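In terms of the numbering used here, the sequence shown opens at residue 16 and continues consecutively. Heads up, the beta-carbon is just placed ideally off N, CA and C, and yes, glycines get one too. Owing to the predicted nature of the structure, the values given are computational and were not obtained by experimental measurement. Here the structure comes first, spelled out in structure tokens, and everything after it is commentary.
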Amino acid sequence: FGLRQYTMTTQTYEVVIVGAGQCGIACASGLKTFGITDFVVLEKGDTINNFWKNHTYDRMSLHTPYHDIPYDGGLVFEYPAMKDKHEFTEYLQRYASKYDIHRHIHYHTQVVEIDREHADHAQLWILRTQHGTVYRARYLCLATSSLCAPRIPQQLQRSMHKFQSGNGVVHSVHYKNGAKYKHENVLIIGNGNSAFEIATDLVAHDARKVTLLSRSGRHVVRLQDLNRSSFWFASWAKKFGLLDLFQSRTFHITQKHPKWNVKALVAMHGDFDRLSVDLTRYGLPRPARDVFRENLSGNLAVFDWERQHSCVQLIRQQRVQYICDEVLGFDAPTVVHLKRSQQPLTEYDAVILCTGFAHGLGSLFVRQLFEEYFEESPLGKRHGIVPKTNGFNQSSVDDSLFFVGLLGDYSMIGGLANGYWGWQCARTIAKQQRVYDAGNEPSIWNAYTLKRMCL
């Protein structure tokens with residue numbers, strides 16, 4: 016493209032990708048496949064899949080089978096269907112090697128500001144990093160995930176420093192394992208997947224008492240039950256290449272008929288409703304709304320995986336207790352104030368906040384651009400401020416800006432589609448640059464894939 020230039024502090028590319036996770040690596044691989052090599056991947060960590068590898072707890076694993084990136088040549092079948100975080104990181108590293116992506120990645124490069132510039136009859140994205148280096152590009156692909164910045168409710172953030180006993184109050188992003196919580200009473204605020212897994216891990220590390228606390232109920236689905244239903248079908252569909260074909264076809268269908276996707280989502284989640292576990296007698300109420308509508312409201316269903324222990328089993332055995340209430344704040348030395356109960360909790364040595372994450376992009380865009388490119392979520396205030404998109408990870412304000420996998424727009428299979436979104440972003444850029452050739456599209460069928468499927 017003849018756009019690349021260098022100075023001491025400025026580098027110019029055709030495409031800049033921010034984030035070297037699943038979506039970022041997929042996008043980079045797609046760009047190379049379609050003939051665009053003038054790109055760079057900016058990663059603030061020291062490795063591919065940095066967040067999963069360095070900022071998650073030890074027992075972190077995927078809850079969906081064959082979580083992969085398209086066109087890996089059967090690489091996904093060299094790993095278990097449900098990969099742990101180390102296996103997933105290794106898979107992404109090997110995938111990047113397959114497409115020679117490593118040399119395009121700039122590690123230890125954190126973007127601190129994003130701006131827009133008009134130069135030479137072209138609009139360029141300007142990215143400033145913590146080292147002062149400036150990156151300029153015609154296309155910007157943000158693959159920083161929705162799980163970038165820890166989210167702590169304000170009423171907890173204001174008073175968490177007052178809790179002074181044991182290991183204090185920490186967000187789950189700082190939790191590694193339960194070793195230092197041995198023989199302690201631990202309160203976990205939240206009831207999502209992380210809360211359930213951390214509770215299970217604490218029991219395995221001999222915590223004296225483990226309690227989950229949340230203001231509302233949650234759908235809980237045991238993965239072993241899913242493996243005997245829709246996930247079993249999805250696993251076999253993946254082995255024979257049908258799941259990849261399904262992703263590709265449904266993407267094009269829902270581009271023309273977005274409402275079809277909503278209907279399909281309702282039908283697909285009907286199986287989850289049937290498998291939702293009733294734990295009401297143990298203090299965890301089951302929501303009145305179905306799984307799909309709960310997911311839309313932000314209360315994603317918990318997938319409980321029985322590896323060494325099952326949290327559902329631990330709750331039934333009362334080794335993990337559940338309190339349905341809302342935390343108002345903390346007081347010294349170990350006081351936890353509740354909204355519905357007049358009697359505060361005082362017996363806990365540590366508190367772990369499993370209160371979720373946010374995309375954190377608001378702190379990167381200059382104010383004028385942020386107001387132009389973002390809006391309050393159509394799904395309600397609980398979802399916060401989100402990018403304005405066309406429903407398919409591309410900005411509806413500027414077609415040179417992509418939020419790859421950030422929203423999972425119109426995805427019928429959730430996180431399983433992340434890799435596909437990365438490739439789709441690359442296709443869109445190639446088409447806009449008029450260099451796209453359908454003949455360059457890799458095939459999901461090859462000798463290695465067929466060999467792995469038969470094993």
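One or two residues paired with residue i in a DSSP bridge
i: GLY183; result: ALA365
i: ASN200; result: LYS224
i: GLY151; result: Correcting the residue type first, residue 151 is Arg in the shown sequence and not Gly. Looking at the DSSP assignment, ARG151 forms a beta bridge with THR27 and ILE141.
i: PHE417; result: CYS156 and GLN409
i: VAL33; result: LEU57 and LEU157
i: ILE400; result: GLU391
i: ASP99; result: SER76
i: PHE92; result: For PHE92, which the question treats as bridged, DSSP gives no partner whatsoever.
i: VAL236; result: SER291 and PHE318
i: TYR106; result: In DSSP, TYR106 forms no bridge with anything.
i: PRO165; result: PHE372
i: CYS339; result: SER229
i: PHE345; result: VAL351
Outcome for residue i when other beta-carbon atoms lying within 10 angstroms are tallied against a minimum of 16
i: TYR425; result: Low confidence applies to TYR425: its pLDDT is 45, below 50, so where it sits in the model is not reliable, and the reading given next is rough at best. The residue in question, TYR425, is buried, as its Cβ has 16 or more Cβ neighbours within 10 Å.
i: ARG308; result: exposed
i: THR22; result: The predicted position of THR22 is uncertain, since its pLDDT is 45 and thus under 50; a value taken from the coordinates is nonetheless stated next. Looking at its Cβ environment, which holds fewer than 16 other Cβ atoms inside 10 Å, THR22 is exposed.
i: LEU68; result: Per the sequence shown, the amino acid found at residue 68 is Lys instead of Leu. Buried.
i: THR104; result: buried
i: GLU473; result: Any property of residue 473 remains undetermined from this structure, which presents the chain solely from 16 to 470.
i: MET427; result: Because the pLDDT of MET427 is 44, which lies under 50, any placement of that residue in the model is unreliable, and the question is left without a value.
i: LYS278; result: Its pLDDT being 48, under 50, LYS278 is placed unreliably in this model, and the coordinates cannot settle the point.
i: PRO80; result: buried
i: ARG355; result: exposed
i: ARG442; result: buried
i: HIS189; result: exposed
i: VAL450; result: exposed
i: GLY17; result: Low per-residue confidence applies at GLY17: pLDDT is 41, beneath 50, and the placement is therefore not dependable, though the value from the model is reported in the following sentence. It counts as exposed.
i: SER458; result: exposed
i: VAL33; result: buried
i: LYS98; result: buried
8 Å CB neighbourhood of residue i in its chain, flanking five on each side removed
i: ALA222; result: GLY193, TYR196, LYS197, HIS198, GLU199, ASN200 and VAL201
i: THR148; result: THR24, THR25, GLN26 and THR124
Cutoff 6 Å; reference residue i; Cβ partners in own chain excluding five residues on either side
i: ARG230; result: GLU341
i: MET75; result: LYS100
i: ASP130; result: ILE141 and VAL381
i: HIS133; result: none
i: ASP452; result: none
8 Å contact criterion, which residue i and residue j should meet: CB distance rounded
i: HIS121; j: VAL56; result: 7 Å
i: VAL30; j: ALA111; result: With 8 Å as the limit, VAL30 and ALA111 do not qualify as a contact, their Cβ atoms being about 16 Å apart.
i: VAL327; j: ARG233; result: That pair is no contact at about 12 Å.
i: SER180; j: CYS369; result: No, SER180 and CYS369 are not in contact; Cβ-Cβ is about 19 Å, not under 8 Å.
i: TYR337; j: TYR297; result: 6 Å
i: SER160; j: LEU421; result: 7 Å
i: VAL292; j: ARG237; result: 6 Å
Sequence-distant residues of its chain with Cβ nearer than 7 Å to residue i (five each side left out)
i: GLU391; result: ILE400
i: GLU128; result: ARG143, LEU379 and VAL381
i: PRO300; result: GLY232 and CYS339
* To do: Inspect the CB distances between the region 382 to 392 and the region 204 to 211 and report whether three or more fall short of 8 Å.
  => Look at the beta carbons and you see the region 382 to 392 not touching the region 204 to 211: under three pairs across the two are nearer than 8 Å.
* To do: Evaluate contact between the region 397 to 411 and the region 139 to 152, counting only Cβ atoms and requiring at least three cross-stretch pairs below 8 Å.
  => By the criterion of at least three beta-carbon pairs nearer than 8 Å, the region 397 to 411 is not in contact with the region 139 to 152.
* Just checking, does the region 432 to 447 make contact with the region 32 to 47 on the three C-beta pairs under 8 Å criterion? -> Between the region 432 to 447 and the region 32 to 47, the count of Cβ pairs shorter than 8 Å is three or higher; the stretches touch.
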